[in-house]
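Peer 1: In this note's numbering, the protein residues as written are 452 to 585.
Beta carbons are placed, not taken as given, at the ideal position from N, Cα and C, and that holds for glycine.
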Ligand code: CO
């Protein structure tokens, strides 16, 4: 059912430092910061040949990643995102199998303007999984 790895999201306490490290030490193509006020984050995309890395930095109060950074002050992998062809069919298959979809179970428009859902980390090897309809 799942397709390509769309992105790996890394929460970072210092966005400039993370960008400089990836641009400098790793020689990656690093984009410009984009504020996503609806999602409470500033995002930077790192383009790799086969996928993307997304840096997430808190924006405003009540950012959904503020708590994660409190528990992981050096930053860390926040979630991974897999592509699916049909997000409603994917959700129905997952809930039938017993997996928990976060929130009210309805897809939301994610940071890329496409429908997304998040799955409970306890159901997927301790990893927060995002599904994006590609
Ligand atoms: Co994501």
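1. Drop a sphere of 10 angstroms on the beta-carbon of residue 542, count the other beta-carbons inside from all chains shown, and report buried for 16 or more, exposed for fewer.
2. In the DSSP assignment, what are the bridge partners of residue 519?
3. What number of angstroms, rounded off, separates the C-alpha of residue 482 from the C-alpha of residue 497?
4. At a threshold of 7 angstroms, does residue 585 count as lining the ligand CO (C-beta to nearest heavy atom)?
5. Go through its chain and collect everything with a Cβ distance to residue 502's Cβ below 8 angstroms, but skip five positions before and after it.
6. Please report how far the alpha carbon of residue 520 lies from the alpha carbon of residue 508, in whole angstroms.
7. Please name the residue, chosen from 510, 550, 548 and 546, that lies closest to residue 464 on a Cα-to-Cα basis.
8. With a threshold of 16 other CB atoms inside 10 Å of the CB of residue 530, please say whether the residue is buried or exposed.
9. Tell me which residues share the same chain as residue 562 and place their Cβ nearer than 7 angstroms to its Cβ, disregarding the 5 neighbours each side in the sequence.
10. Comparing the CB of residue 521 with every heavy atom of the ligand CO, is any distance shorter than 7 angstroms?
Peer 2: From the atom records:
1. Taking the chain shown and counting its residues from 1, the one referred to as residue 542 is at position 91. By the neighbour-count rule (16 or more Cβ atoms within 10 Å), residue 542 is buried.
2. Taking the first residue of the chain shown as 1, we reach residue 519 at position 68. BP columns for residue 519 are empty, so no partner.
3. Taking the chain shown and counting its residues from 1, one reaches residue 482 at position 31. Taking the chain shown and counting its residues from 1, one reaches residue 497 at position 46. Here the C-alpha atom of residue 482 lies approximately 6 angstroms from the C-alpha atom of residue 497.
4. Residue numbering aside, residue 585 sits at position 134 when the chain shown is read from its first letter. No, the ligand CO has no heavy atom inside 7 angstroms of this Cβ.
5. Here residue 502 is taken as the residue at index 51 of the chain shown, counted from 1. Excluding positions up to five away in sequence, the list reads 455, 456, 457, 458 and 459.
6. The residue labelled residue 520 in the question sits at position 69 within the chain shown. The residue labelled residue 508 in the question sits at position 57 within the chain shown. Cα to Cα, the separation comes out at about 9 angstroms.
7. Sequence index remark: in the chain shown, residue 464 carries index 13 (1-based). Measuring from the Cα of residue 464, the nearest candidate turns out to be 510.
8. The sequence position of residue 530 within the chain shown is 79, counting from 1. When all chains shown are included, residue 530 counts as buried.
9. Here residue 562 corresponds to residue number 111 of the chain shown, with the count starting at 1. Once the five neighbours on either side are set aside, the close Cβ partners of residue 562 are 487, 490 and 494.
10. Translated into positions along the chain shown, residue 521 becomes position 70. False, no ligand heavy atom lies under 7 angstroms from that Cβ.
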